Amino acid sequence: MAHSAENVTASRPAGEPLLRVENLVKHFPITQGILFKKKVGAVKAVDGVSFELHRGETLGIVGESGCGKSTLAKLLMRLETPTAGRAMLKGKDIFKVSGSELRRMRRNIQMVMQDPYTSLNPRMTVGDIIGEPYEIHTEVAPKGDRQRRVQELLELVGLNPEHINRYPHQFSGGQRQRIGIARALALKPEIIVCDEPVSALDVSIQAQVINLLEKLQGELDLSYIFIAHDLSVVRHISDRVGVMYLGKMVEVGTDAEIYERPTHPYTQALLSAVPVPDPDARAHRDVIRLVGDVPSPANPPSGCRFRTRCWKAQERCSVEEPLLIRRGVEPHPSACHFAELRQVVG
Amino acid sequence: MTDIHVSSSPTGSGGRHLLEVKDLYVEFHTRDGVARVINGVSYHLDPGETLAVLGESGSGKSVTAQAIMGILDMPPAKIPGGQILYKGENLLAMSEEKRRQVRGKEISMIFQDALSALNPVFPVGWQISESLRTRAGMSRKDGLKRAVELMDLVKIPAAKARIKDYPHQFSGGMRQRVMIAMSLAMDPKVLIADEPTTALDVTVQAQIMDLLGDLRRDLNMGLILITHDLGVVADVADRIAVMYAGRIVEHADVRSVYKHPAHPYTEGLLDSIPRLDSKGTELATIKGLPPNLMRPPTGCAFHPRCKYAKAVCTTETPRSLDLGHGRTSACHFAKEMLDGTLR
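The listed protein sequences derive, respectively, from chains Z and G. Letter 208 of the first sequence, counting from 1, is numbered 367 in the working numbering, and no numbers are missing. Letter 230 of the second sequence, counting from 1, is numbered 233 in the working numbering, and no numbers are missing.
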């Protein structure tokens, strides 16, 4: 395993990352009153997240619901405007560009949605759905060329090109997700944000879609931001993994670092909670059970946000916020004052 | 945990089981034709044990449970054959009046989505105690008192203070606990949990599974756990019944299934899930799609997706083969699968 970790580091391009996100913040205001809206607070959905994404790499982002993963995805798609922070795509801040430059930028980051049943318009044919991006970005494919392009895309994602005139309801869940992937590929993006792309699919279909995503990455040199709550899936597909808790990144590292040498207590608890499909592992697994639920992001705990559920919490955790920096124990960054190595996955 | 299942065969020759489904058939009559969703399902459950029913969507795992509970909409559903024996009595032959006495009181069920299963306009305490008031004849005051006890039992913190809260004031995990408390109100002997943790986060899922396991042990209930998650099953189940296209294709104790699957579908499922404890290269997949139950394939329903399929599989429906120790597999080549000689 250590060997493959080195490979990942070595294969990572030493130069400029494709996307560099710096201190991204998104607060949703909570208002009161009807006529004179008064801001009474804010839901701190994403609260200072930084990471880098390199070409051809998959960055997995895991965390419980409400930790800000999907808001992060929306920010990167520029569907939401950040409260603060920047995201540099090839040296340009994606939140600063506008007009035709913004349109060109949007081509470069595309998204695969979670639910293939609601993210495809039931009244449009598959050809129209996949070809719709060309209506907006006419320069990518001239009108006469579109049908051929769409059919190529269908073939690329493993669907029958002759089914171009069918409607979404004529496809199964896994096939629909392939349509969603084809649509995301239409504009030849370099980055695809996948927000829980397989969580709505059956187990036997999940593997097909994961394999497809990996195949496409190899063929088209794509970079993925892969958001999911299923830690096994994330481990399988990711080169690096970021763990989020209440709007903050608490630990980042290669897949081997996060899964085999986690140092943040939240990562350890999260990993320990994942059921492993091996009845014999029941006995000798290190079980950490967190108590309670994730606190409200409108009123997060002071200092370390995880301290209310952490078994290591001390005085210092409530006053001083731990930074996501390299701690002595491990070479990868961890946002815990008392970071220590604990192996939880057998 | 008592190991009672070793000597008993699934058809129940070794004494009476708490709950026994015998050769059950369910079909749905729709405008487009008849969908045969359950095709001869048999399983049994004893007190204090956990039976996991594993299957993908459309495999019939939930419909079987609904048939046991008697909450199938008929029509369109129809039960043309089979028996559901609870303590030796056939539920399907009972009068509706008598069946009501079993439902909720003897056999109880919790559902996947607690938010939509709970009534949003009543406080949780009222909902938990509803069956106590209407069926056990308790007064409101006594009912609420018992509701607090039940909420304590499912480890809802500050139960007394939260009894007047509404479902939306609870988090997802707590809502599921409220549902469990409600289902336990009448001290059922059998609890059916239909995907109880699918909508929950992993940390909360672990809490709920621990709770269900503890309750099963402490109250000596039989637990039927319906799920598609092979990980959850491995952690809590004693026995597994794997369903595909309305049939149980494999039935065995949990260790045997994971070590040596005796049906190609089970093997395919196990190979296709990514593992937390290792990073493989490419996932093995089960090719194709689950069958359309309006037009099921001839022979073995799994043959179009099976990598071992032979000529006989396309013509002859395999019968459930007894492999000993309560183990069955509905594959023509189950013995070869176990030997590892099937190619």
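Each residue gets a CB set at the ideal place from its N, CA and C atoms; glycine is no exception. These numbers were taken from a predicted model, which means no experiment stands behind them.
Between residue 353 of chain Z and residue 381 of chain Z, the alpha-carbon positions lie close to 12 angstroms from each other.
Interface flag for residue 181 of chain G against chain Z is unset, since no Cβ pair is found closer than 9 angstroms. Within its own chain, the residues whose Cβ lies closer than 7 angstroms to the Cβ of residue 179 of chain G, once the five positions on either side in sequence are excluded, are 117, 199, 203, 211, listed in chain order. Out of G:96, G:271, G:208, the CA that lies nearest to the CA of residue 58 of chain G is found in G:271. Here residue 360 of chain Z is actually not in contact with residue 341 of chain Z; their C-beta atoms are around 16 angstroms apart, not less than 8 angstroms. With respect to residue 134 of chain G, residue 107 of chain G sits close: the two C-beta atoms are nearer than 9 angstroms. Runs of alpha helix (DSSP H) with 4 or more residues, each lying fully within the region 405 to 491 of chain Z, are found at 414 to 419, 424 to 432, 440 to 443, 474 to 478, listed in chain order. Not a single C-beta of chain G is nearer than 9 angstroms to the C-beta of residue 501 of chain Z. Rounded to whole angstroms, the gap between the alpha carbons of residue 114 of chain G and residue 139 of chain G is 23 angstroms. As for any beta strand (DSSP E) of minimum length 3 sitting wholly inside the region 235 to 310 of chain G, the runs are 242 to 247, 250 to 256, ordered along the chain.
For a cut-off of 8 angstroms, the C-beta gap from residue 232 of chain G to residue 434 of chain Z is around 7 angstroms, short enough to register as a contact. Rounded to the nearest angstrom, the Cβ distance from residue 476 of chain Z to residue 496 of chain Z is 6 angstroms, consistent with a contact under 8 angstroms. Shown here, residue 49 of chain G sits in coil according to DSSP, grouped into three states, outside any helix or strand. For residue 218 of chain G, not one C-beta of chain Z is nearer than 9 angstroms to its own C-beta. Per DSSP, reduced to three states, the secondary structure at residue 320 of chain Z is helical. Interface with chain Z (9 angstroms Cβ-Cβ cutoff): residue 277 of chain G is included.
Identification of chain G residues near residue 367 of chain Z by a Cβ-Cβ cut-off of 7 angstroms yields 288, ordered along the chain. Neighbourhood of residue 257 of chain G in chain Z, by CB distance below 8 angstroms: 438, in chain order.
Three or more Cβ pairs closer than 8 angstroms define a contact, and the region 181 to 196 of chain G meets that threshold against the region 97 to 111 of chain G.
Inclusion of residue 273 of chain G and residue 436 of chain Z in the CB contact set at 9 angstroms is warranted, their separation being smaller than that value. Within chain Z, not a single residue places a beta-carbon under 9 angstroms from that of residue 198 of chain G; the smallest gap is close to 12 angstroms. Residue state for residue 393 of chain Z is assigned as helix, using DSSP reduced to three classes. Between residue 251 of chain G and the set G:21, G:308, G:25, the nearest pair of CA atoms involves G:25. Within its own chain, the residues whose Cβ lies closer than 6 angstroms to the Cβ of residue 412 of chain Z, once the five positions on either side in sequence are excluded, are 491, listed in chain order. In this chain, the beta strand (DSSP E) harbouring residue 23 of chain G covers 22 to 33. At a cut-off of 9 angstroms, the C-beta of residue 154 of chain G has no neighbouring C-beta in chain Z.
With its beta carbon at least 9 angstroms from every one in chain G, residue 424 of chain Z lies outside the interface. Of the candidates G:175, G:311, G:316, the residue whose Cα lies closest to the Cα of residue 301 of chain G is G:316. Look at residue 278 of chain Z here: in three-state DSSP terms it is coil, with no helix or strand label. Neighbours of residue 60 of chain G in chain Z, taken as residues whose beta carbon is under 9 angstroms from its own, are 332, 361 in chain order.
Relative to the Cα of residue 163 of chain G, the nearest Cα in the group G:144, G:171, G:176 belongs to G:144. Here residue 343 of chain Z is not near residue 273 of chain Z, since their CB atoms are 9 angstroms or more apart. Proximity of residue 174 of chain G to chain Z, defined by a Cβ-Cβ separation below 9 angstroms, is satisfied. Taking a C-beta distance under 9 angstroms as the contact criterion, residue 86 of chain G and residue 21 of chain G do not qualify as a contact pair. Taking the Cα positions, residue 240 of chain Z is about 7 angstroms away from residue 254 of chain Z. Here residue 230 of chain G carries a strand assignment [DSSP, helix/strand/coil].
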